[in-house]
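Below: the structure, in structure tokens.
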Amino acid sequence: MKKFRKVLDGLTTSSPGGTIGSPSCGSAAGTPTAAPTPKEIDVQETLVSENFQLCKTVRHGFPYQPTALAFDPVQKILAIGSRSGGVRILGRPGVDCYCQHESGAAVLQLQFLINEGALVTACADDTLHLWNLRQRRPAVLHSLKFNRERITFCHLPFQSKWLYVGTERGNTHIVNIESFVLSGYVIMWNKAIELSTKTHPGPVVHLSDSPKDEGKLLIGFESGTIVQWDLRGKKADFRIYYDEAIHSVSWHHEGKQFMCSHSDGSLTMWNLRNTTKPFQVTFPHGKIQKDGRKESCKPILKVEYKTSRNSEPFIIFSGGLSYDKAGRRPALTIMHGKAITVLEMDYPIVEFMALCETPYNNEVQEPYAVVVLLEKDLIVVDLTQSNFPVFENPYPMDIHESPVTCTAYFAECPPDIIPILYSIGAKHKKTGYSQKEWPVSGGTWTLGSHTYPEIIITGHADGSIKFWDASAITLQMLYKVKTSKVFEKPKPGEGRAAELVEEDPFAIQMVSWCPQSRIFCVVGISAHIILYRFSKYDANTQIVSLEVRLQCESEDVITPSENENNPCFSEPGSHSPQPHHQHPASPGSGTPEGIKDSIPCLKVKDRMVRVPPGYQAELVIQLLWVDGEPPQQITSLDINSAYGLLAFGNCNGLAVVDYLQKTILLCMSTLDLYGAADPYQRLTRSPRRNRQSTSEFCMRGLSNFYSDSKKRIRTSYQSLTELSDNQQSIDMERSKSPTSESRENSFSRSRSSSVSSIDRDTKEAITTLQLGESYGRKSDAVPTPCLWVGTSLGVVLLIPMSIPTDQEERMEEPVTIGPSGAILMLKGSVLRFGFLDCMGALIQSPYEVWRDANAPEDPDRPRKRKLVHFSPSSSQDTCGEGHLAVVCSERQAKVFLMPSQSCLFVHNITESSFVLRADVVSVCNSVCLACFCANGHVMTLSLPSLRPLMDINYLPLTDMRIARTFCFTNGGQALYLSSPTEIQRITYSQEMCDNLQEMLGELFTPIETPEAQNRGFLKGFFGGNANTFDREELFGEAAAGKASRSLAQHIPGQAGVEGMKVAASGVVGDLARARIALDERGQRLGELEERTALMMTSAETFSKHAHELMLKCKDKKWYQF
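Start counting the sequence shown at 13; every next residue gets the next number (the numbering used here).
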């Protein structure tokens, strides 16, 4: 054993990319063999570091914890601010942009510069930012940081360059939007209110200019004071002192009256002719009680008063419901004439906004829709129909409908799969939506040339699975599967499921999908697996259920005689499954009463069920309780449609199921898999002590998870497992301890709770599985079907299998599984396998071509299984037979030559952290190993030489949600759940970074600003025409002077460098940034050329018309005009 460890240590300490010498890298006997040098494996590696660069591409889903809303009525784009400082800008489908404030401060308010391609954001750190939206990736042009006052409200009049900013102290400042500098003109709170007033009016909660006269500014203070300030005269026109606190104010378009909403649930109407008292006070939801008093109501947080030409005005408000009705949902109320419509919402209302035909506040508003931003949803109500239907939302805002618990990402799918899934999913869509087009229709987006079919799969806490079309950086829901329909409904508060996981017994932990064969497999939290097949026809089916007793009982492991009688394990080295594996649900003998034994967590429907077209459940596999101990969660899964096999494992052992014959082929503890070739010396204990520790572990593992399952999944949405920093430090101490050499290979903060607290002397979890053609033993001359098994102690086992090839034999003859073949070793828990041929090309797993089992029989063309194999030796006439196996663990990657099992290359990926996710992916017509570490680093390694190509510190603070959901796919793409409601897609391909500009939508499109209506001569003459008001004259430096320097600090923007906020290391990052800057400059020059060309065309047209007019009028007399 010591000799073997020395050999292993010699290999792991060798230099990355160096030639590994003669010793066999972890063969069972540890005998040295002659290994070929890398030169003999003649692989021309084409990938270089310049092929890689990391940047965010697009973010999907609902903005997490939204705080603010804005709409540009001319450009028709919508902006949503969030508590974490994010801003999402939405237009027509495909136009979806995410920006992030570097400070991370919450966004308080958003203001579009209407039809100017710019946006002002006010943040909780009292900073104003001006964003340029005329580029595909918006950037901050200016920032203004207030030092002494807190921002509470902002208002930007249409076509004005002066922004009014109200503060917590009650003062109103004015900012020049062009230079982003404060004006010297300030409206101090003590000047706004009367000198005789003894109390402070409170923060500014409203600012708006009068529709009748832009020189009048209406200021609303929280306490109930309202002041109309004459900007020219620098004095108050009138002051209103009301008893109730004000939440919002809204003008009638004529500017003669306005409406206020108050904290007591009332609405007040005020006329400018008499401001001593409101001429109307209403409590829309406050009924008169028996004693004559009004019901007490909740505050009306916002009101909008919008006029219409052909009907009564719309009064729209949120809140105001009476307190006495418990359990009432948040509501938006629409008052239209005498009709009052209350729209109940699923979540609290954050903000709403009426969308109107005109951007001018002094014209009839004509509202046509209301955008309602809820805490977890975005809805738009159609105001043009009397029943107020909602519009169908084209954005994927319901990713979080049930909390996301796992993700999978598939690029370069078969092209026919997306239309098929969409056509089946479309049959189950909701109806009753507005027939009109989605009103947020701004921006432009075209399908780029760099697109291919992509699918994202999300698993959820309620057991549902969603398939999403992710092609061309958009996201659209295709199809939904509810796995809970396979099981009987557990009665509330009763049954096995209720004892375990309360509300989420069906939560999805893992998914495995083969797009070619369309076979789909899910792993659930109640230690269950469901196998689905795809069909375009509905069918009557009875779901087959298999029950597996996979529980590691330590005394059975120690005593061989007992092991033979235990139905949990087959004999080490048995070539065929034992008959009792097919009926594993027999109750254990001698089980005390009241202790659960040989029962699953959930009950499968045992009757014929009608299933609709789509994915139809065929087989359910469940792990059983053993002697009162619940089954451990499944930690690994692989399925192969060509073999008809499904393999899965957990911390107790491994099981292999033949899903064609519906039999259990193998059910064995991890220890028994080794047979006599166990590379570790395990300490044996007395059966009684071991029994106790095993029981304690099993119960602790599940009880820790289940007690917090609801809290974790529903509130923090983090991983299905969570480990503290203390545990990490304990593991690190263990890994450094000289007294436990075997544990050096087992340092891991694993991704599954069943691995996290393993008693490492007896427990070894199966962490990854891969079925494929390989060489199970050194002596094998031809590849055979093999199962590669990776464990939490860094051991790789190869299990050869014999599968009948004839179709009839396959359904009748048993699949035989040989004893364990090769044993290979790595540091840390094994994460991923990948196979290359000797030319360095990726070998895909064999698969069965999809055929519809429910399709009508054709007598002329009998249905046969059509298998596609990718044999390792098919393309290697020149290189000799064999293939390369890439194995990646939490600490290192190794490349082995099969069948000799020689270790060609080794690379220690990380010493201070550990790898969370690793995948062998295709990029730029080649392959590489992509890794994501717990310290936030994303790195790629060349194959087969394992040269480091990219290492970028992308996410400095990685939480468990990201760790759980991060996944790579082909084409240099990856994704993770950036918040409980949003999916962030990234690319690590330089080519895609370069093409990103082309793929993104344009937020700004040149549109002519609609002309103001002709107000008429008399109206303009007597009505105080707003156009005569010159703000520059009042607020400019010449008239108002300079503002105090200590009041606010101007911060210049980031010079418009788009996108690249990732701190790329080395020359590659600098080159990428330079390239982006050049692209941007070229884009601007291109825009300038276009504008110049337009101006020249316009000038030529004008010259032509002028010449024609001159010729026409040349010979006319003066009286002929």
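Note that beta-carbon positions come from the ideal geometry of N, C-alpha and C, so glycine has one too. Every value quoted in this text rests on a predicted model; they were computed, and no experiment measured them.
For residue 399, there is no enclosing alpha helix (DSSP H), as DSSP marks it with neither H nor E. One alpha carbon belongs to residue 250, the other to residue 161, and they sit about 26 Å apart.
By the CB criterion at 8 Å, residue 112 and residue 97 fall inside the cutoff. 8 Å or more divides the Cβ of residue 335 from the Cβ of residue 327.
Residue 671 and residue 535 have their C-alpha atoms spaced approximately 15 Å apart. DSSP places residue 1020 outside both helix and strand once states are collapsed to three, so it counts as coil. Sequence-distant Cβ neighbours of residue 390 in its own chain, meaning closer than 6 Å and more than five residues away, are 409.
Ranking 164, 309, 387, 1104 by CA distance to the CA of residue 299 puts 309 first. For residue 309, no beta strand (DSSP E) segment is defined, and its DSSP state is neither H nor E.
Pairing residue 272 with residue 1102, the inter-Cα distance amounts to about 48 Å. For residue 691, there is no enclosing alpha helix (DSSP H), as DSSP marks it with neither H nor E. In this structure, residue 295 keeps its C-beta atom at 8 Å or more from the C-beta atom of residue 283.
Across the set 1058, 935, 95, 1021, the C-alpha of 935 shows the shortest separation from the C-alpha of residue 1001. For the pair residue 831 and residue 415, the Cα-to-Cα distance works out to about 42 Å. Collapsing the DSSP output to three states places residue 292 in a strand.
In its chain, beyond the 5 residues on either side, 437, 440, 476, 477, 478, 479 have a beta carbon closer than 8 Å to the beta carbon of residue 492.
Burial check for residue 563: the Cβ neighbour count within 10 Å reaches 16 or more, so the residue is buried.
DSSP lists 545 as the bridge partner or partners of residue 628. When DSSP states are grouped into helix, strand and coil, residue 929 belongs to the strand group. Residue nearest to residue 788 within the set 775, 780, 776, 808 is 808 (criterion: CA-CA distance). When secondary structure is reduced to three states using DSSP, residue 170 falls in the coil class, being assigned neither helix nor strand. Separation of residue 252 and residue 159 (C-alpha to C-alpha, rounded to the nearest whole angstrom) is 31 Å.
The three-state reading of DSSP puts residue 920 in strand, counting E and B together. Approximately 5 Å separates the beta-carbon atoms of residue 227 and residue 243; this is inside 8 Å, confirming the contact. The Cβ atoms of residue 917 and residue 956 sit closer than 8 Å to each other.
The secondary-structure analysis by DSSP pairs residue 282 across a beta bridge with 270.
In the structure shown, the three-state DSSP call for residue 95 is coil.
Listed in chain order, the non-local C-beta contacts of residue 930 below 6 Å within the same chain comprise 843, 844, 900, 943, local neighbours out to five positions each way being set aside. Residue state for residue 518 is assigned as coil, using DSSP reduced to three classes. Contact between the stretch 421–435 and the stretch 354–372 is absent: fewer than three C-beta pairs spanning the two stretches fall below 8 Å.
Excluding its 5 nearest sequence neighbours in each direction, residue 993 has C-beta neighbours in its own chain below 6 Å: 73, 74, 76, 412, listed in chain order. About 17 Å separates the beta carbons of residue 952 and residue 69, which is beyond the 8 Å limit, so they are not a contact pair.
Non-local beta-carbon contacts of residue 626 in its own chain, meaning distances under 6 Å to residues more than five positions away in sequence, involve 436 in chain order. Relative to residue 779, the option among 187, 642, 281, 649 whose CA is nearest is 649. Ranking 116, 1010, 142, 551 by CA distance to the CA of residue 621 puts 551 first.
Taking the C-beta atoms as reference points, residue 418 is found nearer than 8 Å to residue 976.
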